[in-house]
Amino acid sequence: MSIYVPSFFNMVGMSIVSPIISLYAQSFGVSLAVASLAITAHAFGRFLADIPAGIAADKFGRRPVMIVGSILVMVTAFLNASAANFALYLVYRFLEGVGSGMWMTSRQTLLADILKPEERGRVLGYFQAFMLIGQSAGPVIGGFVAAAWGISAPFYAYTVTGALCVFLTYFLIFEPKGLVKKNVEGTHLFKLSDVARLLKNQTYAMACLATFVVFFQRSGIRTDMLPIFAANELGMDPVAIGTILGYATITNLLITVPIGYAIDLLGRKPVIIWNILIMAAADIGFVYA
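Take the sequence shown: its letter number 216 is residue 214 in the working numbering, and every next letter is one higher.
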């Protein structure tokens, strides 16, 4: 439970700003296409941080990297709320993504350290459900905060949850005794030949493609374009937008267990295919909403 609570506040904070990320970008007078860079900058920061964060977690420990990452998220969330221009907003979003990548990579590594093989599936299932609850609540909270105090206010709320995450990480999370920090110099070198070898495996390559499609939909459409579409075309306020995003995550939470049974009954491939088809149908449905 010590890792659940700070992770919950981290997820709430990330999702609090989800209804207004692109709308806040538009407030700087940029086009829709340029506004979407606010999502890309955060994702790019996470992407660049993942491997270095893993190496740092091996060398310095999981907890220190988690603390530094959560501090970076807290500070950049505060700076985002008062960004003087769009360029600074993108820089802060990028650094926020770096901090998020440090936190999440170290958190997952720590979970792997402390969980026994026979309990990982069950505990990670509970952990995922706990995170989805936070992800469901965040957009609704962010919508109300934006409606009450302005479009930048959710970033201040994110700062508060970030501070809670720092505090709870420092006082609640400790690494298991006997965990040896490794001298990792030269042991985690990135090789394109390894990637090419993996992609020659058709199953792995298709799994990567399916994952790309799912996250393209989640980040590109649900997180980026849906709030803009709802605000500009349907005239929705931040409360309504946040509620819609919250519904999506609640649905995700509700079907987590049934999907597990479906995978056991039908296999992974049919479930993945139907999942992508349903998402595509929903995306087309937005056009006629």
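Backbone N, C-alpha and C fix where the C-beta goes; we use that ideal spot for every residue, glycine too.
- When the beta-carbon positions are compared, A161 and P152 stay at least 9 Å from each other.
- Using a 10 angstroms sphere on the CB of A278, the tally of other CB atoms stays under 16, which defines it as exposed.
- Judged by DSSP secondary structure, F58 falls within the alpha helix (DSSP H) whose first and last residues are L35 to F58.
- In this structure, G67 sits away from E173, with a CB-CB distance that is not shorter than 9 Å.
- Collapsing the DSSP output to three states places G148 in coil.
- Contact between G43 and V121 does not hold, since the beta-carbon distance rounds to 29 Å and is not under 8 Å.
- By the 16-neighbour rule on beta-carbons within 10 angstroms, L263 is exposed.
- Take T247, set aside five residues on each side of it, and the residues of its chain with a beta-carbon closer than 7 Å to its own are L130, Q133 and S134, in chain order.
- Annotation: R220 is outside any alpha helix (DSSP H) and is labelled neither H nor E by DSSP.
- Counting the other Cβ atoms within 10 Å of the Cβ of P268 gives fewer than 16, which makes it exposed.
- Here DSSP, grouped into helix, strand and coil, assigns G27 to coil.
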